[in-house]
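Colleague: Protein chains in written order, with the UniProt record's numbering: chain A, 1 to 233; chain B, 1 to 233.
Number of protein chains: 2
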Amino acid sequence: MTASAVKSRKEFGKTLAVDITHRLRQDIVACRLKPGEPLKFDALKLAFGASFTTLREALTSLTADGLVVAEEQRGFRVAPVTSDDLIDITQTRILIEIELLSRSIANGGDDWEIAVMSTLHRLGRIEERLPGNHVENPEWQIAHRQFHEALVSCGRSPTLLGIRTSLFERAERYRNLSAMFRPQPRDKVGEHRAIMQAAIARDTNLATSLIDQHIRSTSDNVVKYASHLLTES
Amino acid sequence: MTASAVKSRKEFGKTLAVDITHRLRQDIVACRLKPGEPLKFDALKLAFGASFTTLREALTSLTADGLVVAEEQRGFRVAPVTSDDLIDITQTRILIEIELLSRSIANGGDDWEIAVMSTLHRLGRIEERLPGNHVENPEWQIAHRQFHEALVSCGRSPTLLGIRTSLFERAERYRNLSAMFRPQPRDKVGEHRAIMQAAIARDTNLATSLIDQHIRSTSDNVVKYASHLLTES
DNA sequence: ATAGGACATATTTTCGAAAATATATTCTGC
DNA sequence: GCAGAATATATTTTCGAAAATATGTCCTAT
């Protein structure tokens, strides 16, 4: 196990359990903890410097997020990556993302337009600055996530937004998996710009259609470059 | 606090924590634990006969389900019931349920048709047998849940089905809330039958439209009879 | 009388040991 | 030599005490 070392405590949350939940989540999404890998308490204790109980609480949280699977009396493991799971996540994301984007286009005001444009601008600048494969770069990932968050930020449904966040992270794990084996990233700057323009123009049909394609092609790319890592058909 | 007393251990799961999660969930959905009520460890320990740690794990699970809210360093409480939350749940349920029902109609075979018909039949028999307000009856609730589960059972998406189950439970809590104040239940047997017939006839548009109305009117009924219990707006 | 601080109490959060369970190893009988 | 029981080891799960934090009460100064 090569998890993140013991950093400064309480980086993300007030309680240690919440903090460790976030750190474990990051390690899993970034594939520093490999899919299917058993999460044994002795090793976790060493890596995160917390007790059984606290780690157990964190793992329980992540189980609900679909990033960890629990086998009763047999411990926890990082959720495996499978073709079926990727397809499931992709189709569900498309459904949720289209709904939230439609609502945002209907509800969003000036602030929303500004947020969408500025997060895209930042993403573009980062891509200019970073040569080659920027997908695995943390700075790019944050900016990328923020752009997509801005797009749906006026969806006005805490429930849907929560589901979306969870699915986005599960999908990001697959993206990170394929990034390890992709020689050059496909040019997504054009895709993102087109989505932004359609959204700002309040063209719901076009914007949702572009998002659909965007999510779908991202998923296809994972299959293309990481299929040898996915179990099942 | 009037939670379920200490029953036979390990009724639902192999581990105590999973078992207590289920029992706590039932108590919350049935409103035996009231919305907004603080969930203090001393009281829970007494009611469920488990230690801090085990209870903590259960509460963390339920927080992910949206039935419990956690305020860091200030403990847990039963999720409050609000108009906004009910609206959010209702709209999200409609989206998810329509998607799953459409897929089931497309995918379902003979076994699916049989499951839909037989679960509806059982529901009808139970309604005949039980006089008056059967909504709060556990037997009716199980049969009702099983009918709706059968309808969407061929949706072929573990993720969507999981989300659906979680939303169904959150909505059931609101139904139980309004059932306390509803003098006579509206006749739902006709609605359920119409949904079944449209589904079996593979009339996706009609079936999804009926499900939409069904969920919407259930939600309206909650507002009608329990609005005085909902905070906000 | 009241705001602010110091103390006391209540409650949550974390820990490491003990119990329960699963996995690996050894031993026995055939 | 091998299957199956018996034992030993590894790991998870649960517990109650101890630490950390929040809440309530009392006292003092203005």
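Don't be surprised by glycine CBs; every beta carbon is placed ideally from N, CA and C. The model shown is predicted, which means the values in this text are computed figures rather than measured ones.
I want to verify the contact list: residues of chain A whose CB lies under 9 Å from the CB of Q73/B, in sequence order.
Modeller: K14, T15
Colleague: In chain order, what residues of the stretch 81 to 95 of chain A put their CB closer than 7 Å to some CB of chain B?
Modeller: D88, I89, Q91, T92, L95
Colleague: Going by beta-carbon coordinates alone, are W112/A and S157/A separated by less than 8 Å?
Modeller: With contacts defined as CB atoms closer than 8 Å, W112/A and S157/A fail to qualify as a contacting pair.
Colleague: May I ask which residues mark the beginning and end of the alpha helix (DSSP H) holding A30/A?
Modeller: Segment: none, A30/A is in no alpha helix (DSSP H) and carries neither H nor E.
Colleague: May I ask you to list the residues that DSSP assigns as paired with F52/B?
Modeller: DSSP, once it has assigned bridges, lists no residue as partnering F52/B.
Colleague: Looking only at its chain, what residues have a beta carbon closer than 8 Å to the beta carbon of K45/B, apart from the 5 residues adjacent to it on each side?
Modeller: Listed in chain order, the non-local C-beta contacts of K45/B below 8 Å within the same chain comprise S51, F52, L55, local neighbours out to five positions each way being set aside.
Colleague: Taking Cβ-Cβ distances shorter than 9 Å, what residues in chain A pair up with L160/B?
Modeller: D88, Q91, T92, L95
Colleague: Roughly how many whole angstroms lie between the Cα atoms of N137/B and G162/B?
Modeller: 24 Å
Colleague: The alpha helix (DSSP H) that contains R173/A, what's its start and end?
Modeller: 158 to 179
Colleague: What residues from chain B crowd round S61/A, counting only those whose CB sits closer than 9 Å?
Modeller: For S61/A, the chain B residues whose Cβ falls inside 9 Å of its Cβ are T60, S61, T63, A64, in order along the chain.
Colleague: Going along chain B, which residues have a C-beta under 7 Å from R56/A?
Modeller: E57
Colleague: Pick helix, strand or coil for S4/A, following the three-state DSSP scheme.
Modeller: Here the model assigns S4/A a pLDDT of 42, short of 50, so the residue's position is not dependable, and the following value carries that caveat. Correct three-state label for S4/A: coil.
Colleague: Following a CB-centred definition, is T119/B positioned closer than 7 Å to any heavy atom of the ligand HEM?
Modeller: Absence of the ligand HEM from the depicted structure is noted, as is the absence of any ligand whatsoever, leaving it without description.
Colleague: Helix, strand or coil for A70/A? Go by DSSP, reduced to three states.
Modeller: strand
Colleague: Going by beta carbon distance, what residues of the same chain come within less than 6 Å of R9/B, once the five residues before and after it are set aside?
Modeller: Residue confidence is low: R9/B scores 46 on pLDDT, short of 50, so the model does not pin down where it sits. Its coordinate-derived value is still stated next. Counting only Cβ-Cβ distances below 6 Å, and skipping sequence neighbours, we find nothing.
Colleague: Could you tell me whether the Cβ of I163/B comes closer than 8 Å to any Cβ of chain A?
Modeller: For I163/B, the answer is yes, since a Cβ of chain A falls inside 8 Å of its Cβ.
Colleague: State the Cα-Cα distance for the pair R202/B and R77/B, rounded to the nearest angstrom.
Modeller: 44 Å
Colleague: Helix, strand or coil for R77/A per DSSP?
Modeller: strand
Colleague: Among the candidates Q73/A, Q197/A, A79/A, whose CA atom is the shortest distance from the CA of T63/A?
Modeller: A79/A
Colleague: Which same chain residues, not among the five before or five after residue 244/A, have their C-beta less than 7 Å away from its C-beta?
Modeller: Summary: the structure shown does not reach residue 244/A, with chain A confined to residues 1 through 233, and so no result is reported for it.
Colleague: So, at 6 Å on beta carbons, what are the nonlocal neighbours of I94/A in its own chain, with the 5 sequence-adjacent residues on each side left out?
Modeller: D212, I215
Colleague: Which residue marks the beginning of the alpha helix (DSSP H) containing E97/A, and which one marks its end?
Modeller: Here the alpha helix (DSSP H) through E97/A covers 83 to 107.
Colleague: Tell me T231/B's beta-bridge partners as DSSP assigns them.
Modeller: T82/B
Colleague: Using only CA atoms, which one of V135/B, V222/B, R173/B lies nearest to R32/B?
Modeller: R173/B
Colleague: Compare the C-beta of T53/B against all C-beta atoms of chain A and say whether one is closer than 8 Å.
Modeller: yes
Colleague: By the criterion of Cβ-Cβ separation under 8 Å, what are the contact partners of E99/B in chain A?
Modeller: L95
Colleague: Using a threshold of 8 Å, state whether the C-beta atoms of S38/A and G66/A are closer than that.
Modeller: Reading the sequence as shown, one finds Pro at residue 38/A and not Ser. In this structure, G66/A does not lie closer than 8 Å to P38/A by Cβ.
Colleague: Relative to the C-alpha of H134/A, which candidate in T159/A, S166/A, L160/A, R175/A has its C-alpha closest?
Modeller: R175/A
Colleague: What distance in whole Å lies between the Cβ atoms of T60/B and E71/A, which are believed to be in contact at a cut-off of 8 Å?
Modeller: Contact doesn't hold; Cβ gap of about 18 Å is too wide.
Colleague: Since S157/B meets chain A, which of its residues come closer than 7 Å, beta carbon to beta carbon?
Modeller: D88, Q91, T92
Colleague: Reducing DSSP to helix, strand and coil, say where L44/B ends up.
Modeller: helix
Colleague: Locate the alpha helix (DSSP H) running through D212/B, then write down its first and last residues.
Modeller: For D212/B, the enclosing alpha helix (DSSP H) starts and ends at 204 to 226.
Colleague: Taking 8 Å as the threshold (C-beta atoms), are E139/A and V29/A in contact?
Modeller: no
Colleague: Thinking C-alpha only, which one of T204/B, T208/B, D84/B, I20/B is nearest A47/B?
Modeller: Between A47/B and the set T204/B, T208/B, D84/B, I20/B, the nearest pair of CA atoms involves I20/B.
Colleague: Is T119/B near Q146/B, with beta carbons less than 8 Å apart?
Modeller: yes
Colleague: Can you find the residues in the same chain that come closer than 8 Å, C-beta to C-beta, to I195/A, ignoring five residues on each side of it along the sequence?
Modeller: Leaving aside the five residues that flank I195/A on each side, the residues in its chain whose CB is nearer than 8 Å to its CB run, in chain order, L151, A207, L210, I211, H214.
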